[in-house]
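Position in the sequence shown counted from 1, then plus 1108, gives you our numbering.
Positions of the beta carbon are idealized from the N, C-alpha and C atoms, including for glycine.
For clarity, every value in this text was computed on a predicted model and none was experimentally measured.
Notes for the one structure printed next.
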Amino acid sequence: MALVCLSVLIPVISGEMKVVDLTWAHSASTIYWPGNPAFNFSIMSREKLTNYWYESNWFSTPEHGGTHLDAPAHFSKDSWRTQEIPAERLIGPAVILDVTSQAKADPDYRVTQADFEAYESKHGRIPHGAIVIMNSGWGSRYPNKTRVFNSDQPGTPSTFHFPGYHEDAITWLVANRNASIVGVDTPSNDHGQSTDFKVHVILGENNIPGLENVARLDQIPEKGATIFVGSIKLFDGSGGPARILATFDQDAKPCDCVSSSSSIATFVGTSVLSVLLVSCIV
Ligand SMILES: [Zn+2]
1109 MALVCLSVLI PVISGEMKVV DLTWAHSAST IYWPGNPAFN FSIMSREKLT
1159 NYWYESNWFS TPEHGGTHLD APAHFSKDSW RTQEIPAERL IGPAVILDVT
1209 SQAKADPDYR VTQADFEAYE SKHGRIPHGA IVIMNSGWGS RYPNKTRVFN
1259 SDQPGTPSTF HFPGYHEDAI TWLVANRNAS IVGVDTPSND HGQSTDFKVH
1309 VILGENNIPG LENVARLDQI PEKGATIFVG SIKLFDGSGG PARILATFDQ
1359 DAKPCDCVSS SSSIATFVGT SVLSVLLVSC IV
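Here you go:
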């Protein structure tokens, strides 16, 4: 295993492959939806024993807070719970939807089918198994609760104003493309003013996990990265904290967007690297 790790890590270290951590650290400042218990971190042991230093801590967290995964069961009773999500659904080609200008003009903005179509006319068809993530620019607000929920009453959801997806866009995506995961850089796939959480329901009923509070989307390309979602494999869970990583070739030439064969080749190449990387981490 050590030899495999070394050979795989060399391209990353030499700068051919860039890795971006799309995760906010879990801490006392992690943002949760109102009503959740607080994050807890306690030191159990930090001491110098006779021959070595020993440290061990205890933490507890609600499933849905900070950078995390929504299992489909979150809003759909008989859909996959956290541990049931197939591993191959947790790795995929990134589709980053840049709606920063729309969200700047309207904090209640909802991604439309036209936004997906605009992406495809620029970058080609949303690939099979895509991990689709909205970049609204909200990452610059994290972890300021007032700014993330965009409300001076961050304990009252009816006052929230942040972007998400329109349910009609998600209905179109589910019917016409084959995305593995759908996520956002805001606290919810449904926009802040939602009261029926239809996007959550549609995704859940179609066994499509969600990602929320995804970080640093401005540091990866709209197309060409591979994303890994290392979510906690929590038995019977409806979601949980996730370490989300993106890798891409930073020296890649601007894409020939409509050439699907070249994009598939790129994805297969990065996937092989990625799977080996994961086995290295494990
Ligand atoms: Zn959630």
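Residue i vs residue j beta-carbon contact at 8 Å
i, j, result
"V1337", "A1323", "no"
"Q1301", "F1257", "no"
"E1320", "G1345", "no"
"T1208", "T1175", "no"
"I1278", "P1317", "no"
"P1170", "P1142", "no"
"Y1227", "L1198", "no"
"G1200", "I1239", "yes"
"V1219", "Y1273", "yes"
"T1294", "P1262", "no"
"L1157", "G1347", "no"
"E1275", "S1184", "no"
"D1359", "E1124", "yes"
"S1150", "W1161", "no"
"Q1210", "L1342", "no"
Which residues DSSP lists as bridging residue i, in chain order
i, result
"L1353", "D1129 and F1336"
"K1331", "V1203"
"I1241", "I1204 and G1291"
"G1420", "Residue 1420 lies beyond the range of the chain shown here (1109 to 1390); nothing can be said about it."
"R1218", "G1272"
Residue of the options minimising C-alpha distance to residue i
i, options, result
"D1129", "D1326, D1359 and I1352", "I1352"
"A1287", "D1293, L1311, K1306 and S1296", "L1311"
"G1173", "N1148, S1153, A1283 and S1266", "N1148"
"A1213", "S1244, H1236, K1185 and P1194", "S1244"
"S1135", "S1248, R1189 and S1168", "S1168"
"I1335", "A1195, E1275 and G1232", "A1195"
"N1329", "N1315, V1307, K1230 and W1280", "The sequence shown places Pro at residue 1329, rather than the Asn named in the question. Ranking the options by Cα distance to P1329, first place goes to K1230."
"D1223", "D1186, L1281 and Q1191", "L1281"
"D1216", "Q1191, N1284, S1296 and G1232", "S1296"
"W1188", "N1315, W1246 and V1309", "N1315"
Residue interval of the alpha helix (DSSP H) (run including residue i)
i, result
"D1206", "Careful: D1206 lies outside any alpha helix (DSSP H), inside the beta strand (DSSP E) at I1199 to D1206."
"Y1227", "Q1221 to H1231"
Any chain C beta carbon closer than 8 Å to residue i
i, result
"G1232", "Looking for chain C here will not work: only one protein chain is present."
As an exercise, report each continuous beta strand (DSSP E) stretch of at least 3 residues that is fully enclosed by the stretch 1128-1197, in chain order. 1148-1156, 1161-1168 and 1176-1178
Could you tell me which uninterrupted beta strand (DSSP E) segments, each at least 3 residues in length, are contained entirely in the stretch 1252-1324, listed from first to last along the chain? 1289-1292 and 1318-1320
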